[in-house]
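**Student:**
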Amino acid sequence: MQYAAVNVNGRISDAATAVVPVFDHGFLYGEGVYETLRTYNRRPFLLERHFDRLRASAAAIGLTIPLGDREFAERIDATAAAAPVAGECYIRLLVTRGVGDLSYDPEVCGEPTVIIIVKPHAETPAETRARGIGIIVSSVMRNHPAAVDPRIKSNNLLNNALAMQEALRRGAKEALMRNHRGEFSECSQSNFFLVSGGEALTPPLEAGLLEGVTRDFVFKVARSVGVPARYAVLRDADLAHADEMFITSTTREVLPVTVVDGRPVGAGAPGPVTRALADGFRARVNELCREPARSQA
Ligand code: PDD
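Numbering-wise, numbering that gives the first Met the number 0 puts 33 at position 34 of the sequence shown, and it's gapless, one number per residue.
1. Residue range of the alpha helix (DSSP H) that Thr213 falls in?
2. Using the rule of at least 16 other Cβ atoms within 10 Å of the residue's Cβ for burial, across every protein chain shown, is Arg128 buried or exposed?
3. Is the Cβ-Cβ distance between Ser153 and Ser189 less than 7 Å?
4. Could you pull out every residue in the same chain whose Cβ sits closer than 7 Å to the Cβ of Glu110, ignoring the five residues on either side in sequence?
5. Quick one: what does DSSP say Tyr89 is sitting in, helix, strand or coil?
6. If you follow the alpha helix (DSSP H) that Thr78 is in, where does it begin and where does it stop?
7. Out of Ile246, Tyr33, Gly265, Ile116, which one is the CA nearest neighbour of Arg74?
8. Quick check: is any heavy atom of ligand 1 less than 6 Å from the C-beta of Glu165?
9. Take the Cβ of Val21 as the centre, count every other Cβ of all protein chains shown within 10 Å, and call the residue buried at 16 or more, exposed below.
10. Can you give me the Cβ contacts of Ala59 inside the same chain, cut-off strictly under 6 Å, excluding the 5 residues immediately before and after it?
11. Buried or exposed: where does Asp23 fall if 16 or more other Cβ atoms within 10 Å of its Cβ makes it buried?
12. Ligand 1 heavy atoms versus the CB of Glu70: any closer than 6 Å?
13. Assess, as a yes-or-no matter, whether the stretch 45-61 is touched by the stretch 81-88 under the definition of 3 or more beta carbon pairs within less than 8 Å.
14. Hey, quick one: how far does the beta strand (DSSP E) through Asn6 stretch, first residue to last?
15. If we require 4 or more residues per run, which alpha helix (DSSP H) segments fall completely within the stretch 230-274?
16. DSSP three-state label for Gly25, please.
17. State the beta-bridge partners of Asn190 as determined by DSSP.
18. Residue range of the beta strand (DSSP E) that Arg177 falls in?
19. So, under 8 Å CB-CB, Met244 and Phe192 are touching, yes? Tell me the CB distance rounded to an integer number of Å.
20. Is the stretch 118-135 in contact with the stretch 44-53, if contact means three or more CB pairs nearer than 8 Å?
21. Take Asp148 as the anchor and find which of Val7, Glu205, Cys108 has the nearest alpha-carbon.
22. With DSSP as the reference, label Gln295 as helix, strand or coil.
23. What residue range does the alpha helix (DSSP H) around Thr127 cover?
24. Identify whether Ala14 lies in helix, strand or coil by the three-state DSSP scheme.
25. Quick check on the DSSP output: the beta strand (DSSP E) that includes Ala199 runs from which residue to which?
26. Should Arg214 go down as buried or exposed, given a rule of 16 or more other Cβ atoms within 10 Å for buried?
27. Just verifying my parser: in three-state terms, what is the DSSP assignment at Arg141?
28. Which of helix, strand or coil does DSSP assign to Ser153?
29. Have a look at the DSSP bridge pairing and note the partners of Val84.
30. Cβ of Val190 versus every heavy atom of ligand 1: is any distance shorter than 6 Å?
31. Pick out whichever of Asn178, Glu47, Met163 has its Cα sitting closest to the Cα of Leu208.
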């Protein structure tokens, strides 16, 4: 196990000794919500956005986060300070229903369990960024929004894990999923963009997807670097017209996709629009992370 500091309900320990009771409904039923953050200059990036989404996810499953933002942020800082991490941190926040008897009734549980994991952030190698990654279009359909809404960032990740397992079996780095209408929604751990005619296009929320913090941020970056970006319903037929593709996530930022299902995208190399957005993203991060923590817009 990688070095990590783990905070369970305020108590910090290391990865090997951190435990959650078997009767925690997060373990029994996957009833919980989470966020993944990373630091730049050792500061959690867009922390408020992640708190907001965590609270929205929790509300959607009838769970109340038992900490205010300030207390939560202090707990994150304390955990990061205890983590044996020299460089940038990966931070995972988890809040589960808590411990209770075997029942779907939330009333049987006491306080929610609050977990913070801090470990080293694994930077995407420069070589991978320069070459781009290969992805597949998965045979696993993204959860129907009327079943488990993908807008909820839930610990119940079987849908995502099954899609990613398929990608790994086929030697790919990410799995793009379709929704129940056959439109593209998102990838197993990231949002999806396609570039056509110089425009960056990404599926709308109605396609059933997580509203990525990075996806939103990329729209701002696109405005500042002069790249037109908009929401668009995307289907298999659109892959043929794609000049470029990329995925976005907290851990992978703007990452070029150069192969889909074994076939090259456009020229088969990261294109100018993707590069402009990836560079613009980094430039904006550098600006924001020079400012005091927790004042990022
Ligand atoms: N994944 N879609 C899904 C299904 C995701 O799991 C993620 C994030 C995203 C991108 O969201 P954001 O830009 O806010 O990171 C989209 C994180 C990194 C994870 O699962 O660890």
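Where is the CB? At the ideal position from N, CA and C, for every residue including glycine. Owing to the predicted nature of the structure, the values given are computational and were not obtained by experimental measurement.
**Tutor:** Here's the rundown:
1. Translated into the one-based positions of the sequence shown, residue 213 becomes position 214. 212-224 is the extent of the alpha helix (DSSP H) around Thr213.
2. On the sequence shown, position 129 is the one that residue 128 refers to. So Arg128 counts as buried.
3. Within the sequence shown, numbered from 1, the residue matching residue 153 stands at position 154. Within the sequence shown, numbered from 1, the residue matching residue 189 stands at position 190. Contact flag unset, no.
4. Along the sequence shown, one-based indexing puts residue 110 at 111. Within the same chain, Glu110 has close Cβ partners Pro65, Gly97.
5. The residue labelled residue 89 in the question sits at position 90 within the sequence shown. In the structure shown, Tyr89 sits in a strand (DSSP, three-state: E or B).
6. What you label residue 78 is simply residue 79 of the sequence shown in a count that begins at 1. Start and end: 68-81.
7. Here residue 74 is taken as the residue at index 75 of the sequence shown, counted from 1. It is Ile116.
8. Numbered from its first residue, the sequence shown carries residue 165 at position 166. Because no heavy atom of ligand 1 lies under 6 Å away, the Cβ of Glu165 does not count as near it: no.
9. The count along the sequence shown starts at 1 and reaches residue 21 at position 22. Classification for Val21: exposed.
10. Locating residue 59 in the sequence shown gives position 60, where the first residue counts as 1. Within the same chain, Ala59 has close Cβ partners Ile151.
11. Start at 1 with the first residue of the sequence shown, and residue 23 comes out as number 24. Classification for Asp23: buried.
12. Here residue 70 refers to the residue found at position 71 when the sequence shown is read from its first residue. No, the Cβ of Glu70 stays beyond 6 Å of every heavy atom of ligand 1.
13. no
14. As a working mapping, residue 6 is identified with position 7 in the sequence shown. Per DSSP, Asn6 belongs to the beta strand (DSSP E) from 4-7.
15. 235-238
16. Against the sequence shown, residue 25 aligns to sequence position 26. If DSSP states are grouped into helix, strand and coil, Gly25 belongs with the helices.
17. In the sequence shown, counting from the first residue as 1, residue 190 sits at position 191. Answer is Thr247.
18. If you number the sequence shown from 1, residue 177 lands on position 178. Here the beta strand (DSSP E) through Arg177 covers 173-177.
19. Your numbering for residue 244 matches position 245 in the sequence shown. Your numbering for residue 192 matches position 193 in the sequence shown. Between Phe192 and Met244 the Cβ distance is about 7 Å, and since that is below 8 Å, they are a contact.
20. no
21. As a first step, residue 148 is located in the sequence shown; it is residue number 149 there, counting from the start. Ranking the options by Cα distance to Asp148, first place goes to Glu205.
22. Working through the sequence shown from its first residue, we reach residue 295 at position 296. A caution first: Gln295 carries a pLDDT of 47, below 50, which makes its placement in the model too unreliable to give a value.
23. Within the sequence shown, the letter at position 128 stands for residue 127. 125-130 is the span of the alpha helix (DSSP H), which, as asked, contains Thr127.
24. In the sequence shown, counting from the first residue as 1, residue 14 sits at position 15. Of the three classes helix, strand and coil, the one that applies to Ala14 here is coil, per DSSP.
25. Taking the first residue of the sequence shown as position 1, residue 199 is located at position 200. That run of the beta strand (DSSP E) goes 198-201.
26. For the purposes of this step, residue 214 is identified with residue 215 of the sequence shown, where counting begins at 1. Looking at its Cβ environment, which holds 16 or more other Cβ atoms inside 10 Å, Arg214 is buried.
27. In the sequence shown, the residue the question calls residue 141 occupies position 142. In the structure shown, Arg141 sits in coil (DSSP, three-state: anything other than H, G, I, E or B).
28. Looking up residue 153 in the sequence shown gives position 154. Correct three-state label for Ser153: strand.
29. For this step, residue 84 is matched to residue 85 along the sequence shown. Per DSSP, none; premise fails for Val84.
30. Here the question's residue 190 lines up with position 191 in the sequence shown. Note that residue 190 is Asn in the sequence shown here, rather than Val. Answer for Asn190: yes, Cβ within range of ligand 1.
31. Start at 1 with the first residue of the sequence shown, and residue 208 comes out as number 209. Taking only the C-alpha atoms, the option nearest Leu208 is Asn178.
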